[in-house]
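Okay, so the sequence shown: first residue is 77 according to the working numbering, each after it adds one. Below you'll find the structure, written out as structure tokens, and then a few comments.
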Amino acid sequence: MARKPRILIVNCYSDNHRGARGNPWIMPQSIAPAVLAGMLHPGRVDIRLACEFRNGPFEDLGALQWAELLVLTGLNPAFDRMKQVTAHARTVNPGIVVVIGGPLARMLPTLGRRYFDYVCSGDVEQLAAVVDAVFGPGHAAELPCPRHDLLPGSRIIGYAEASRNCNFRCSFCSMTAEDRKFMAYDLDNVRRQVEALGYRQCIMFLDQNFFGGPRAIFRARMALLRELFAQRKFGGWAALVTADFFTDAGNVALARESGCIGFFSGVESFSRAQVDAFNKKQNLVRPQEEIIRSCLEQGLVFHYGLIFDLVDQTIADVLAETDAIVANPRITLPSFLSFAIPMLGSPLFGSRLREGLLLPNLKLRDMDGRSLLCHSVDPIDKAVAFAASMDQGLLSKRKLAVHAGRFFRHYRATLSTWGLLSALANAWSMSYPRFGSNGRDGIRPGGDGSRTYLASSEPLGSLYRPRIRIPEVYRGHFEPLCVTDGDGELHDDLIDDAASLLTPSGEQAATRGEALTIPPYNAAAMP
């Protein structure tokens with residue numbers, strides 16, 4: 077029997093407070109490593125997975141020595157972290173082949189070739205083509221399915237996907253930057269994912285838009301979930317949907333009948349002008365407050381986030397909005413607060429760059445939603461103080477406690493116990509952001525985690541120091557990638573990728589090998 081290729085897949089991540097300790101309790105968790113592993117035949121490869129979002133910095137030198145192929149993925153701010161892991165890997169294992177994929181590979185294909193052997197700008201199926209290119213043919217899975225068996229076990233939360241990409245084009249979103257078609261997975265694919273998980277109290281669908289695509293596909297998916305729910309394959313499910321889902325009350329009824337316990341939706345702002353500025357036209361079809369209230373009254377919890385854009389909004393505007401929310405016990409509190417991030421390649425990035433609004437010496441590392449990236453309407457010192465207050469607790473703890481009590485009294489007969497706990501958890505995360513999704517560095521960040529909240533002067537943190545002695549040739553892997561130069565213009569390192577950064581990238585091939593089309597058993601493409 078031929079020896080199996082040894083493959084290590086790492087989801088790279090650096091947290092908001094520079095300590096990068098990871099947190100297995102934050103939801104949702106990433107399943108990117110499991111999805112990538114599922115593209116490969118389980119009997120023909122030897123795979124290990126790691127997730128820095130869950131477990132903190134990956135420093136297992138033994139695993140890096142073991143692997144023949146290192147696959148790195150991650151969100152936009154993780155590019156530096158991918159370089160750092162690569163430097164460690166090549167120091168202890170000079171022959172290792174390194175592959176990156178995801179949004180950064182699509183936005184920075186030219187720069188990526190400076191550091192990595194393969195830059196995969198196609199979909200996840202492309203990984204099989206890369207493995208075949210390195211080790212010979214025959215490594216693709218016959219029926220791809222996420223390898224949840226390689227992840228830590230849990231009977232509480234499981235994750236699945238019923239589609240990929242999004243059919244809307246919000247101005248700040250990385251999905252808009254990538255400009256890829258929405259694709260709904262066929263029902264057999266969804267069934268395989270659910271059954272492979274085993275029983276979970278809740279299955280969270282991580283789709284960018286669970287409601288996207290033809291309505292007939294959505295109704296068929298509801299019928300499938302209703303069948304699986306009746307068979308007690310799961311205790312309930314939740315998903316991310318766009319606001320157009322709520323224009324038809326029948327959609328909520330179908331979801332509830334199939335075991336749905338709640339939704340996340342991108343509210344972003346209760347200001348009509350700000351929603352319009354974000355190009356979230358789908359959020360204008362019905363008042364946001366009305367959507368949240370009607371969902372809760374039907375027994376389904378509703379989660380959302382708020383995005384502040386201090387280029388267009390004054391701090392007084394933002395505080396007026398949050399005060400109105402905390403004074404309304406008929407709606408949930410936001411699950412998180414963030415600044416608008418002009419993602420590389422997004423329309424917002426292009427417009428902010430052209431208008432000279434991006435701060436000078438802006439690092440990709442700082443585009444995490446917690447640093448000021450642009451010149452603000454208010455004086456910069458006030459904007460910095462406001463950003464700091466977001467980490468200390470922007471909303472009054474007394475008002476949050478009052479909201480929680482009134483919310484509980486209003487919905488205790490409507491929401492399930494789990495629904496109430498889920499909704500009321502937002503009061504805790506808003507009161508103590510460092511325990512919630514806004515911070516992953518404990519109660520007090522250390523010296524390396526102290527922040528200025530101004531992208532031009534943010535500290536890099538401890539990850540930018542090698543954990544081992546590395547050759548001089550890899551020292552540059554620990555230098556941060558700059559987005560702008562000292563004048564606020566596009567940095568020289570990104571000039572060669574300007575075509576990807578300033579226009580929708582569309583479909584692109586890998587550095588070596590062609591991108592694969594989506595197999596018919598896996599998805600149906602939607603315009």
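Cβ coordinates follow ideal geometry from the N, Cα and C atoms, glycine included.
Tyr380 sits away from Pro405, with the two beta carbons spaced by 7 Å or more. Along the length of the region 421 to 462, whole alpha helix (DSSP H) runs at least 4 residues long occupy 423 to 430, reported in chain order.
Assignment of beta-bridge partners to Phe339 by DSSP yields Ala315, Phe378. With respect to the 7 Å criterion, Glu201 and Met115 are classified as neighbours on the basis of their beta carbons. Counting only residues of its own chain and dropping the five nearest sequence neighbours on each side, Asn355 has a CB closer than 6 Å to the CB of Cys246, Ser247. Ile417 has its alpha-carbon roughly 18 Å from the corresponding atom of Phe346. Looking at the backbone, the Cα of Leu360 and that of Ala353 are separated by about 12 Å. With contacts defined by Cβ atoms closer than 7 Å, Ala238 and Arg297 form a contacting pair. By the Cβ test, the region 253 to 271 is in contact with the region 217 to 230, since at least three Cβ pairs between them sit closer than 8 Å. Between Arg124 and Ala110, the CB-CB gap reaches or exceeds 7 Å. Residue ranges of uninterrupted beta strand (DSSP E) with 3 or more members are absent from the region 464 to 512; none lies entirely inside it. Cβ-Cβ distances below 6 Å link Leu137 to Val168 in the same chain, with the five nearest sequence neighbours on each side left out; the list follows chain order. By the beta-carbon neighbour count (other beta carbons within 10 angstroms, threshold 16), Asp225 is exposed. Shown here, Gly326 sits in a helix according to DSSP, grouped into three states. With fewer than 16 other Cβ atoms from the protein chains shown falling within 10 Å of its own Cβ, Lys473 counts as exposed.
Residue environment analysis places Gly177 among the buried positions, since at least 16 neighbouring C-beta atoms fall within 10 angstroms of its C-beta.
Ranked by how close their Cα comes to the Cα of Ala325, the residues Ala306, Glu373, Ser576, Leu413 have Glu373 in first place. Every beta strand (DSSP E) of 3 residues or more that sits fully in the region 226 to 263 is shown, in chain order, as 233 to 236, 258 to 261. For Met183, DSSP records no beta bridge to any residue. Boundaries for Asp156: no beta strand (DSSP E) harbours it, while the alpha helix (DSSP H) harbouring it runs 155 to 168, taken from the DSSP string. For Val210, the enclosing alpha helix (DSSP H) has its first and last residue at 202 to 211. Taken atom to atom, the span from the alpha-carbon of Phe340 to that of Val549 is near 45 Å. Remark: C-beta atoms of Met466 and Leu536 do not approach each other more closely than 7 Å. Within 10 angstroms of the beta-carbon of Trp101 lie fewer than 16 other beta-carbons, which makes it exposed. Under the criterion of beta carbons closer than 8 Å, Leu438 and Thr528 do not qualify as touching, at roughly 13 Å. Sequence-distant partners of Asp283 (beyond 5 residues in either direction) whose C-beta falls short of 7 Å from its own C-beta, in its chain, are Glu237, Ala238, Ser239, Ala315, Leu316. Excluding five sequence positions before and after Gly432, the CB atoms of its chain that fall closer than 7 Å to its own CB belong to Gly564, given in chain order. The criterion of a C-beta distance shorter than 7 Å is not satisfied by Ala503 and Leu470.
In the DSSP assignment, Gly150 falls outside any alpha helix (DSSP H) and within the unbroken beta strand (DSSP E) covering 145 to 150.
Taking the C-beta atoms as reference points, Val377 is found nearer than 7 Å to Ala499. If you draw a straight line from the Cα of Leu424 to the Cα of Ala349, it comes to about 16 Å. A Cβ-Cβ distance of about 18 Å is found for the pair Ser447 and Glu555, leaving them out of contact under the 8 Å criterion.
Within the same chain, Phe384 come within 7 Å of Val394 by CB-CB distance, once the 5 residues on both sides are set aside. With a 10 Å radius around the Cβ and a threshold of 16 neighbouring Cβ atoms, Ala205 comes out buried.
The beta carbon of Phe462 sits closer than 7 Å to the beta carbons of Ile391 from its chain, once the five residues preceding and following it are set aside; these are given in chain order. In this structure, the straight-line span from the alpha carbon of His567 to that of Glu254 is close to 21 Å.
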